[in-house]
Amino acid sequence: MAASSKRKTSAPKRKPVRTSGNPARRPIIEAPPITARDWIGAARLRTLPLAVAPVVIGTGAAQLADRELHWVIALACLAVAVLIQIGVNFTNDYSDGIRGTDDHRVGPARLTASGRVKPRTVLIIGLAFFALAALVGLGIVIRTGQWWMLAVGAVCIVAAWFYTGGKRPYGYFGLGEVFVFVFFGLVATLGTTWVQAFQLPQEAWLGAVAAGLFACAVLLANNLRDIDQDRQVGKRTLTVLIGRRATKIVYTVFMVVPFLIAGFLALLYPIAWLSLMALLAGIPAIIIVWSYRQSRELVVALGLTSLTALAYAGALYWAFVG
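Residue numbers are given in my numbering: position 223 of the sequence shown equals residue 254, and the series is strictly consecutive.
Now the structure itself:
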């Protein structure tokens with residue numbers, strides 16, 4: 032009867048990985064291997080306009096004081112901002128993943144929480160982006176001779192790590208918006224202006240406030256999406272502390288104030304009125320935040336908010352140099 036028995040065929044084995052949860056405790060199941068798309072997704076490209084916007088505004092403000100475009104320094108500032116943003120995204124992936132914060136998140140799956148990548152690998156990649164940002168920043172310091180800015184760069188990277196890293200990350204205690212406003216608004220914009228013009232005109236300050244508010248709006252949209260999950264794991268974001276309705280109000284304020292700033296600037300630079308075109312993305316984002324039924328809809332609002340910031344920055348740059 033052995034001749035008539037069916038042969039057993041073996042299916043190709045997939046690499047076993049862990050399900051969502053703490054990587055040290057969750058069970059092993061089969062999952063598809065990691066792909067380039069997953070790595071790109073972990074970089075969270077929809078947040079990168081927030082790194083570009085303050086550099087664009089800061090460069091425009093610098094050209095008000097010095098009509099020459101210092102394009103090498105401007106590109107270096109852009110590289111630093113983008114590298115730090117990606118570094119933050121990867122280290123957040125690592126820190127939230129090992130804490131189990133991302134176990135039940137609504138948006139795209141994170142590398143660490145999915146279990147398909149070792150947490151240490153995600154951490155090393157995040158730190159590598161920070162290191163690249165530091166090297167480019169060092170080049171800016173050498174080129175400009177502003178050695179004191181090494182301390183500013185170090186503070187930026189340390190603050191980026193402790194946003195969700197360390198034993199008591201301040202992003203878990205309602206202070207994330209403070210970090211975002213200061214570093215992705217004020218420091219990024221004013222730093223860009225200073226290294227190109229060695230001056231900080233009022234336009235740079237006003238643009239920095241606008242950039243910071245847009246960045247905070249993106250964070251609010253993100254945390255509004257994850258409010259239920261964050262409550263479950265004890266992550267006390269500003270959204271968790273003040274609730275959904277108050278978050279929607281604050282988000283709307285953060286989206287509107289930059290356009291009031293642009294209206295003031297338009298009294299001196301009429302082209303600044305073109306920033307209102309950014310409302311083509313901003314108004315739908317506000318509508319989604321107020322009317323969403325499923326949390327995943329806020330992923331769209333997050334992307335639209337980032338695009339609003341970038342379009343706004345482009346309009347201000349044109350107004351300053353036009």
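All C-beta atoms in this analysis are idealised placements derived from N, C-alpha and C, irrespective of residue type, glycine included.
- Comparing alpha carbon positions, the residue from R75, R98 and W102 closest to V86 is W102.
- Counting C-beta pairs closer than 8 Å gives fewer than three between the region 307 to 315 and the region 228 to 241, which falls short of the contact rule.
- In the three-state scheme derived from DSSP, where H, G and I count as helix and E and B as strand, R327 is classed as coil.
- Among the bridge pairs identified by DSSP, F193 is matched with none.
- Relative to L347, the option among D69, L76 and G89 whose CA is nearest is G89.
- The shortest C-alpha to C-alpha distance from A112 to any of V167, A93, D97 and L158 is the one to V167.
- Bridge partners of F204 according to DSSP: R267.
- The shortest CA-to-CA distance from L338 to any of A190, W349 and S306 is the one to S306.
- Here the C-alpha atom of E328 lies approximately 39 Å from the C-alpha atom of P232.
- Under the DSSP assignment, V148 falls outside any alpha helix (DSSP H); it carries neither an H nor an E label.
- Using a 10 angstroms sphere on the CB of D127, the tally of other CB atoms reaches 16 or more, which defines it as buried.
- Excluding five sequence positions before and after G197, none of the CB atoms of its chain fall closer than 7 Å to its own CB.
- Under the DSSP assignment, T278 falls in the alpha helix (DSSP H) whose first and last residues are R275 to L296.
- In this structure A252 is in contact with L333, their Cβ atoms being roughly 5 Å apart against a cut-off of 8 Å.
- Annotation for A164: V111, L114 and I115 place their beta carbon closer than 6 Å to its own, counting only its chain and skipping 5 residues before and after.
- Taking the CA atoms as reference points, R267 sits about 13 Å from Y194.
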